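Numbering (our numbering), first residue to last: 17 to 848.
The beta-carbon is built from N, C-alpha and C at its ideal position, and this holds for glycine as well.
Given the structure is predicted, the values throughout are model-derived calculations rather than measurements.
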RNA sequence: GCCGGGGUGGCGAAACUGGUUAGACGCGAGGGACUUAAAAUCCCUUGGCCGAAAGGCCAUCUGGGUUCGACUCCCAGCCCCGGCACCA
């Protein structure tokens, strides 16, 4: 335990981080320093960081880097007089935890608390200003009760529905994966090749919100990279739906050059396609349906049936991802023809796997002249390729050796009355023209898909639905929540595609809440992203058992003022959180529809140029560093590595410099003198430093803030100088966000009774920072040749005269400069 | 391929809206002081080339351009990192 010695005492003891940090950890805990007064706190500021998944390996530097970045901003806001709320929790449900439990052969209910305890210890030792009284654990029934409640809100509003869908099935994890969890055909977490399966799944209708999710982005103060990732993911496309009449061979027989030899099986009368290029409709020479398209049976003629059936079977067996990555074109003619509504020409209808059922209408008009994919397909199958758009140099019949996809300076050709139109004009005009003929309508499509929340696994909140033969899917009444996850020993998933819960009749057999007849519980659990999609709403209201979040408290603390996290969650967690917030807003539960006013993505900490991973064996565990150097040094070092939003390469070299800096701050405070007056030059530097640090922290430019403090300490101690107490005192709160323990201790040493974080941010005096002289660079012909010192209020003439008079400059000066450029306070340039 | 971000000393990096001899701050390296010695600490030097020095020249991925002045702006290209990608 350190004994504060008075400033100026002859033999200051050296800085001992472990003693200082232990002392303040204990004192903060005992005094509740980090607890937030949720009800009465003034100027509330909610500083959120992405909560971790409590892995068995413990917290790694990547986590700590992010947390520290948030903690610094949070502590800074507190110093500026805000009541700051910096909560933490554990995202402990999900495949991650479950797989790990399976591997160790330990039940997750045993494993998770162990990991949480370890994380808690690590976070505490890192000195984060976390309010532990409001920690959240997604696996706690008092939390997932409300996760289930959120599901019910969506269900009520018709935003949760069940459908049988082709899904990505991971044969290794034995579960369904969201599209986002598949990377290049492989399972994002285990690397197994993903297969296609058809299962009944619960979906959230996030696509209903696509337009709002996109439009609101413009109003958010978020990292550009994150916003642009979301824009791409939502993928808005403006275009048109165009209807193509399908020829009825009986009616149209003999009417055209169609040789219909077979009977049609049914009366599919039209095919609707989606296109972003309605301007090219005159060049549509065939149609393609997705193999899964519901009209395929209707349009397939008898003689084509075997080929179509074989092709569809083949497609169905293929995994969803290799289908999307293979560029080779395959397909089969259905035997039917349709009429191009623009040209009146009769064109064939094909099926091909390059058309996807889940996008647009699952059908396209193929314009091989102006689309890469259609061109490749037409080449493969000998279908006609026509030019309807020409570049400035091309004639209307210039042959197409490759698709012409430029639209910038292009004009329409071979498109009757639309010839000569620009692409943009033609899009509008042709859509309007077809619209009149009831053959088209302008429409917006989104790439975003509905969110599949079903997981056929054990370790998640059961979806609160009861299936009844008479009543259908009945929501569990709110007063019956939570639907507890039963503690079953055989939680291992199997290949059946149903959840382990489905093996427990005693659990799933329940009476229907509506009619009382025997019914069965839904046995799927929900996606982890549902747990994390609303946790920020819960934090301020932790402890409330009668509501997910308290109205007044939520009103006061939300939306989140500052959210810091990794960009790997740019399109999943952040999109889902926004969506759920919008839904809860629409349902009248929230007064805002965007949860995070400001979001900043932190950079990645890499090691030896590579992302840290267990397989590479380059993971850095913070514990050893904290033990060796102290948490304050380690925190400050992590932030000194590089710009927070860019991350950096972790290496041991360099940490000693930060430690030396803290040693020198320690020595400066403990050795400060109180006699005499502070040095005005030092005081000027001090105020420049206060400004710099105060400007840099809100911009998360922590590395330069630290550099500024180091510079100041160099000035303080230059030439074995002994600093004055008043020069050193304001440095302590500046340092406090970065190195909170040592700052507290030094503050106490300086004789303060209250903690440093309740003492306010030092005041910055612009007059003191400026001083009364200024240095002006002197250039001749744009080349800097020296500088002159002049009074701060000197005008151009005075500066120019001083510059001319400076001996070092005279020899470069032309006899009579043609021009003199003066930039106030910066430079004077003589141009000869 | 498309959309972001980025290329500056031996290394991590600075440089406000084009303006103080580019490289702050830190690491590393070299030299010195203290010490019997080492560690720690403190002081000095440290982009490259030429030069005894004074000083000069060259340097922010490459090549052009705008400007009195460019790491910063414009055009063309190369490389690295991240996201998206048969989405019609």
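Whether residue i touches residue j by CB criterion (8 Å)
i           : j           : result
residue 738 : residue 766 : no
residue 443 : residue 224 : no
residue 756 : residue 143 : yes
residue 477 : residue 501 : yes
residue 377 : residue 286 : no
residue 178 : residue 216 : yes
residue 583 : residue 242 : yes
residue 607 : residue 571 : yes
residue 305 : residue 311 : yes
residue 713 : residue 655 : no
Residue i to residue j span [Cα, whole Å]
i           : j           : result
residue 385 : residue 511 : 46 Å
residue 911 : residue 455 : As displayed, the chain neither begins before 17 nor continues past 848, which places residue 911 out of reach and without an answer.
residue 38  : residue 114 : 35 Å
residue 13  : residue 707 : The question about residue 13 has no answer here: the residues shown for the chain are numbered 17 through 848.
residue 807 : residue 788 : 6 Å
residue 609 : residue 461 : 23 Å
residue 537 : residue 211 : 27 Å
residue 53  : residue 560 : 15 Å
residue 297 : residue 244 : 31 Å
residue 352 : residue 315 : 6 Å
residue 419 : residue 491 : 53 Å
residue 493 : residue 602 : 21 Å
residue 613 : residue 710 : 21 Å
residue 627 : residue 452 : 57 Å
residue 588 : residue 66  : 13 Å
residue 482 : residue 569 : 33 Å
residue 222 : residue 326 : 35 Å
residue 473 : residue 518 : 10 Å
residue 372 : residue 100 : 49 Å
residue 164 : residue 777 : 44 Å
residue 209 : residue 252 : 30 Å
residue 46  : residue 40  : 10 Å
Range covered by the alpha helix (DSSP H) that runs through residue i
i           : result
residue 184 : First-last for residue 184: 176 to 186, but that is the beta strand (DSSP E), not the alpha helix (DSSP H).
residue 169 : 157 to 172
residue 429 : Here residue 429 belongs to no alpha helix (DSSP H), and DSSP marks it neither H nor E.
residue 641 : 638 to 645
residue 108 : No alpha helix (DSSP H) contains residue 108, which DSSP labels as neither H nor E.
Where residue i falls, given that 16 or more other Cβ within 10 Å makes a residue buried
i           : result
residue 842 : exposed
residue 206 : exposed
residue 415 : exposed
residue 503 : exposed
residue 531 : exposed
residue 629 : exposed
residue 131 : buried
residue 119 : exposed
residue 50  : buried
residue 25  : Summary for residue 25: the model assigns pLDDT 42, below 50, so the residue's position carries little reliability; its value from the coordinates is reported in the next sentence. Classification of residue 25: exposed, given that the 10 Å Cβ count is below 16.
residue 56  : exposed
residue 549 : buried
residue 847 : exposed
Given residue i as reference, the closest of the options once Cα atoms are compared
i           : options            : result
residue 692 : 659, 684, 740      : 740
residue 382 : 361, 325, 299, 418 : 299
residue 104 : 81, 750, 135       : 135
residue 139 : 323, 128, 348, 74  : 74
residue 633 : 643, 641, 622      : 622
residue 811 : 800, 834, 839      : 839
residue 729 : 347, 43, 677       : 677
residue 772 : 93, 249, 522       : 93
residue 684 : 666, 721, 649, 733 : 733
residue 813 : 802, 837, 799, 800 : 837
residue 417 : 424, 679, 388, 439 : 388
Residue range of the beta strand (DSSP E) that includes residue i
i           : result
residue 260 : 252 to 262
residue 191 : 191 to 193
residue 620 : 620 to 623
residue 31  : No beta strand (DSSP E) holds residue 31; DSSP gives it neither H nor E.
residue 665 : 663 to 666
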